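S.K.: As you go down the protein sequences, you meet chains P and S in turn. Residues 1 to 322, numbered by this note's numbering, are exactly what the first sequence covers, in order. Residues 323 to 586, numbered by this note's numbering, are exactly what the second sequence covers, in order. The structure follows.
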Amino acid sequence: MLRFTVRRLLYSLPVLLVGSFLLFWAVRTVFDPLLKLRAIRDPEVIARETERLGLNDGIFTQYGRWLTGFLSGDWGVSSRTEGSVRPMIESALTVTLQLLVWGVVFATIAAVLIGVWSAVRQYSFSDYALTGLSYLGLALPAFWFGLVLIQFLAVWPQQAFGWDKPAFFFIGLSSPGQDPSFIDTARHMVLPVLTLTVGLVAVWSRFTRASMLDALSSDYVRTARAKGVPRSRVVWNHALRNAWGPLVTVVALDSALLIGGLLVTEQVFSIPGMGRLFLDSLLAGDVFVLLPWMVITGAAVIILNLLADIAYGLLDPRVRVA
Amino acid sequence: MASPEPSPTSAPASASGATVKRPGFWRRFSRHRLAVLGAVILALLAIACYGAAFVAPFPQDQQDLLLGPVPPSAEHWLGTDELGRDYLSEILYAGQLSLSLAIAVALISTAIGVFVGAVAGYRGGWVDDVFMRITDLFLVVPAIALLALALQGLGPSPVSIVIVLSLLGWTYIARVVRGQVVSLREREFIDAARVIGATHQQVLMRHVLPNLSGVIAVNVALAVAGAIIVESTLSFLGFGVQPPQSSWGNMLSQASGLIGTPKV
Numbered sequence: 001m002l003r004f005t006v007r008r009l010l011y012s013l014p015v016l017l018v019g020s021f022l023l024f025w026a027v028r029t030v031f032d033p034l035l036k037l038r039a040i041r042d043p044e045v046i047a048r049e050t051e052r053l054g055l056n057d058g059i060f061t062q063y064g065r066w067l068t069g070f071l072s073g074d075w076g077v078s079s080r081t082e083g084s085v086r087p088m089i090e091s092a093l094t095v096t097l098q099l100l101v102w103g104v105v106f107a108t109i110a111a112v113l114i115g116v117w118s119a120v121r122q123y124s125f126s127d128y129a130l131t132g133l134s135y136l137g138l139a140l141p142a143f144w145f146g147l148v149l150i151q152f153l154a155v156w157p158q159q160a161f162g163w164d165k166p167a168f169f170f171i172g173l174s175s176p177g178q179d180p181s182f183i184d185t186a187r188h189m190v191l192p193v194l195t196l197t198v199g200l201v202a203v204w205s206r207f208t209r210a211s212m213l214d215a216l217s218s219d220y221v222r223t224a225r226a227k228g229v230p231r232s233r234v235v236w237n238h239a240l241r242n243a244w245g246p247l248v249t250v251v252a253l254d255s256a257l258l259i260g261g262l263l264v265t266e267q268v269f270s271i272p273g274m275g276r277l278f279l280d281s282l283l284a285g286d287v288f289v290l291l292p293w294m295v296i297t298g299a300a301v302i303i304l305n306l307l308a309d310i311a312y313g314l315l316d317p318r319v320r321v322a
Numbered sequence: 323m324a325s326p327e328p329s330p331t332s333a334p335a336s337a338s339g340a341t342v343k344r345p346g347f348w349r350r351f352s353r354h355r356l357a358v359l360g361a362v363i364l365a366l367l368a369i370a371c372y373g374a375a376f377v378a379p380f381p382q383d384q385q386d387l388l389l390g391p392v393p394p395s396a397e398h399w400l401g402t403d404e405l406g407r408d409y410l411s412e413i414l415y416a417g418q419l420s421l422s423l424a425i426a427v428a429l430i431s432t433a434i435g436v437f438v439g440a441v442a443g444y445r446g447g448w449v450d451d452v453f454m455r456i457t458d459l460f461l462v463v464p465a466i467a468l469l470a471l472a473l474q475g476l477g478p479s480p481v482s483i484v485i486v487l488s489l490l491g492w493t494y495i496a497r498v499v500r501g502q503v504v505s506l507r508e509r510e511f512i513d514a515a516r517v518i519g520a521t522h523q524q525v526l527m528r529h530v531l532p533n534l535s536g537v538i539a540v541n542v543a544l545a546v547a548g549a550i551i552v553e554s555t556l557s558f559l560g561f562g563v564q565p566p567q568s569s570w571g572n573m574l575s576q577a578s579g580l581i582g583t584p585k586v
């Protein structure tokens with residue numbers, strides 16, 4: 001197990017290195033880091049900044065310098081806000097992780113319950129109904145579903161009952177000018193987390209159903225039933241234990257991609273997370289934020305992928321050989 | 323093998339030669355009620371959108387400034403926007419662009435993916451290794467972020483949207499095709515074809531690819547659906563189709579600002 005982990009870790013380093021270089025190259029080609037200064041039309045400033053940032057050096061030299069700075073914790077200064085990049089990314093990451101953790105926890109619980117229920121009652125009415133619902137969930141784009149939730153759960157009830165505030169807020173993660181309280185945060189989190197959860201449950205419940213069906217049709221399930229183990233124990237202990245593996249991989253990979261992939265949900269609900277940070281930086285051409293952002297999200301994918309492989313190995317000893 | 327009767331596979335071929343169809347694709351397809359339903363919905367949608375000039379109740383972009391925004395009524399089934407343009411007609415016309423983009427993206431990305439996946443899987447060795455590492459790279463960064471970055475660089479015209487979406491969308495089908503080809507490669511009929519003297523190119527085109535037609539067809543269908551959503555998402559975020567051209571995504575994006583505002 002240890003050798004497997006170390007080997008996978010060593011293998012992901014070149015992927016991260018090559019990936020970050022390609023990103024550096026792409027961002028450097030697409031954007032002009034001095035865009036903001038060009039508006040001043042002062043050739044002296046341009047020359048000085050070009051010199052200071054070393055923009056005339058070869059691309060490898062520039063990449064090397066950026067990488068050393070990044071690894072030693074110096075992530076540079078944003079050209080949009082003129083603040084240090086690192087705290088910006090850290091606070092955005094905290095916000096996104098808050099959403100993501102709740103979404104993933106709820107979605108995993110719901111997906112396992114729904115998946116097991118449909119697998120145990122395969123081809124029953126409830127199986128077809130849940131299948132239909134999950135296709136519906138897959139077809140609903142987050143931006144549309146989020147807006148519908150706002151209209152149905154926040155705007156209409158407020159108008160109907162004449163409340164002075166909606167039951168669930170849909171802008172940001174806390175009310176301005178108020179001390180953050182648990183109730184207040186929860187009222188802000190409900191709608192975005194629900195938007196996120198519905199999309200995830202649709203996909204993950206299909207996975208759980210498929211791998212549960214696989215497990216339920218295996219010989220050891222028949223053996224366990226034949227020797228008199230109660231049905232519920234066979235389902236929850238024997239079959240689910242083996243169905244976990246693929247699900248853990250999907251959950252980990254999807255969650256990792258969502259760290260940078262919540263652009264739409266964060267845009268709809270005006271939440272200052274990683275997605276918003278990316279969009280704002282992109283529109284402002286702020287290369288100093290874009291690069292670390294991409295490297296962080298990329299690294300998150302690689303690390304969670306690795307953790308998923310390790311978890312798979314722990315859950316299912318048969319795959320440990322690799 | 324030793325059975326006295328002629329084997330069922332060879333019988334029809336010798337009986338009527340080239341006129342015999344392979345066991346009907348349409349018959350198998352029509353037995354799938356859900357698939358037929360999906361195809362019918364898609365066909366209706368395509369007819370309504372591309373035939374919008376005949377189907378739509380109002381001409382494209384016809385304004386009625388005195389009317390302004392109204393809720394759904396008998397005349398305007400889905401209501402009108404602030405310039406008095408009929409929403410149903412707008413949706414149908416916007417669908418032309420959304421559907422065309424999606425179909426183009428699905429075909430191009432599937433073509434690239436099938437080509438790369440088939441070559442990598444069939445050749446194996448270092449070609450395969452290089453290909454797998456490239457698809458790994460694509461997995462690492464969220465696609466929507468790369469798309470937005472690329473469109474910011476190229477400028478959001480419909481052509482660049484198609485190019486960027488296709489260049490990012492091919493990896494999934496390439497992985498699937500590669501997996502299938504790796505297992506097909508070891509089958510006897512491939513060896514048989516090689517022994518008869520078929521070149522690698524002939525083996526790939528005549529013997530390997532036809533076996534993948536199911537996977538490829540499914541992928542094109544899924545890719546159209548996926549591309550519609552991705553294009554809408556990009557347009558919603560402001561990186562896709564730009565006004566005055568409308569697509570489903572940017573219509574929604576413009577309307578989303580009105581949520582929570584009182585009726586007029």
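Beta carbons: idealized from backbone N, C-alpha and C, even for Gly. These figures come from a predicted structure and were not determined experimentally.
1) Run through chain P and tell me which residues come within less than 8 Å of S:Gln524, C-beta to C-beta.
2) With 8 Å as the threshold, decide whether the Cβ of S:Asp408 is near any Cβ in chain P.
3) What are the start and end residues of each continuous beta strand (DSSP E) run of 3 or more residues lying completely inside the region 137 to 192 of chain P, in chain order?
4) Hey, is S:Gln576's beta-carbon within less than 8 Å of any beta-carbon in chain P?
5) Are P:Ala111 and P:Val193 closer than 8 Å when you measure CB to CB?
6) Would you report the Cα separation of P:Ser174 and P:Asp57, rounded to the nearest angstrom?
7) Report the residues of the region 271 to 283 of chain P with a CB closer than 9 Å to any CB of chain S, ordered along the chain.
8) Could you say if the region 217 to 232 of chain P and the region 257 to 274 of chain P meet the contact criterion of at least three C-beta pairs nearer than 8 Å?
9) Look up S:Thr402 in the DSSP assignment and give the residues it is bridged to.
10) Go through its chain and collect everything with a Cβ distance to S:Gly339's Cβ below 8 Å, but skip five positions before and after it.
11) Which runs of the alpha helix (DSSP H) spanning at least 4 residues fall entirely within the region 86 to 145 of chain P, listed in chain order?
12) Pull out every residue of the region 543 to 566 of chain S whose Cβ sits closer than 7 Å to any Cβ of chain P, in chain order.
13) Quick one, which of P:Thr249, P:Leu283, P:Phe169 and P:Val85 has its alpha-carbon nearest P:Phe152's?
14) Measuring only the C-alpha atoms, how far is P:Leu290 from P:Gly275?
15) Within 10 Å of its beta-carbon, does P:Ala322 have 16 or more other beta-carbons around it, so buried, or fewer, so exposed?
16) How many Å lie between P:Trp144 and P:Ala284 at the Cα?
17) Roughly how many whole angstroms lie between the Cα atoms of P:Leu277 and P:Val234?
18) Determine, using beta carbons only, whether S:Ala440 and S:Leu544 come nearer to each other than 8 Å.
19) Can you tell me whether DSSP reads S:Val588 as helix, strand or coil?
20) If you run the structure through DSSP and keep just helix, strand and coil, what is P:Ser211?
21) At which residues does the alpha helix (DSSP H) containing P:Asp309 begin and terminate?
22) Assuming P:Leu307 contacts P:Ala252 under a Cβ cut-off of 8 Å, what Cβ separation, rounded to an integer in Å, is found between them?
23) Under 9 Å, CB to CB, which of the residues in the region 458 to 470 of chain S have a partner in chain P?
24) When the Cα atoms are used, what is the spatial distance from P:Pro87 to P:Asn305?
25) CB-CB under 6 Å to P:Ile114, same chain, minus the five flanking residues each way: which ones, in chain order?
26) Name, going along the chain, the residues of the region 471 to 501 of chain S whose beta-carbon falls closer than 7 Å to a beta-carbon of chain P.
27) Going by CA-CA distance only, name the one from P:Leu213, P:Asp214 and P:Ala239 that's closest to P:Ala224.
28) Suppose contacts are defined by Cβ-Cβ distances below 8 Å. Is S:Phe561 in contact with S:Leu489 by that definition?
29) Going by other Cβ atoms of all chains shown within 10 Å of its Cβ, with 16 needed for buried, is P:His188 buried or exposed?
30) Does any residue of chain S have a CB that is nearer than 8 Å to the CB of P:Phe204?
31) DSSP on S:Tyr422, reduced to helix/strand/coil?
32) Throw me the rounded Cβ distance for the P:Ser118 and P:Asp286 pair, which I believe falls under 8 Å.
33) Show which residues of chain S have a CB atom less than 8 Å away from the CB atom of P:Ile302.
34) By the 10 Å Cβ neighbour count, where 16 or more other Cβ atoms means buried, how is S:Gln502 classified, buried or exposed?
35) Which whole-angstrom value is the C-beta distance of S:Thr457 and S:Thr493, which I expect to be below 8 Å?
M.R.: Short version:
1) None at all; the shortest Cβ gap to chain P is about 36 Å.
2) no
3) none
4) no
5) No, these two residues do not count as a Cβ contact at 8 Å.
6) CA-to-CA, the gap between P:Ser174 and P:Asp57 works out to about 45 Å.
7) Gly275, Phe278, Leu279, Leu282 and Leu283
8) no
9) For S:Thr402, which the question treats as bridged, DSSP gives the partners S:Asp408.
10) Any answer about S:Gly339 is weak, because its pLDDT of 41 lies below 50 and its placement is not dependable; what the coordinates show is given next. So the list is empty, once near-sequence residues are dropped.
11) 125 to 139
12) Ile551, Ser554, Thr555, Phe558 and Leu559
13) P:Phe169
14) 11 Å
15) Here P:Ala322 scores only 46 on pLDDT, less than 50, and its place in the model is too uncertain to base an answer on.
16) For P:Trp144 and P:Ala284, the distance between alpha carbons rounds to 26 Å.
17) 47 Å
18) no
19) Here chain S has residues from 323 to 586 only, and residue 588 of chain S is not among them.
20) helix
21) Val287 to Leu315
22) With a Cβ gap of about 6 Å, P:Leu307 and P:Ala252 count as contacting.
23) Asp458, Leu459, Leu461, Val462, Val463, Pro464, Ala465, Ile466, Ala467, Leu468 and Ala470
24) 26 Å
25) Hits under 6 Å: Leu130 and Ser205.
26) Leu471, Gln474 and Gly475
27) P:Ala239
28) With a cutoff of 8 Å on beta-carbon distance, S:Phe561 and S:Leu489 are scored as not near each other.
29) buried
30) Rather than Phe, the amino acid found at residue 204 of chain P in this sequence is Trp. No, its Cβ sits nowhere closer than 8 Å to a Cβ of chain S.
31) Before going further, note that residue 422 of chain S is Ser rather than Tyr in the sequence given. If DSSP states are grouped into helix, strand and coil, S:Ser422 belongs with the helices.
32) In fact, because the Cβ distance is near 46 Å, the residues do not count as touching under 8 Å.
33) Val462
34) buried
35) 4 Å
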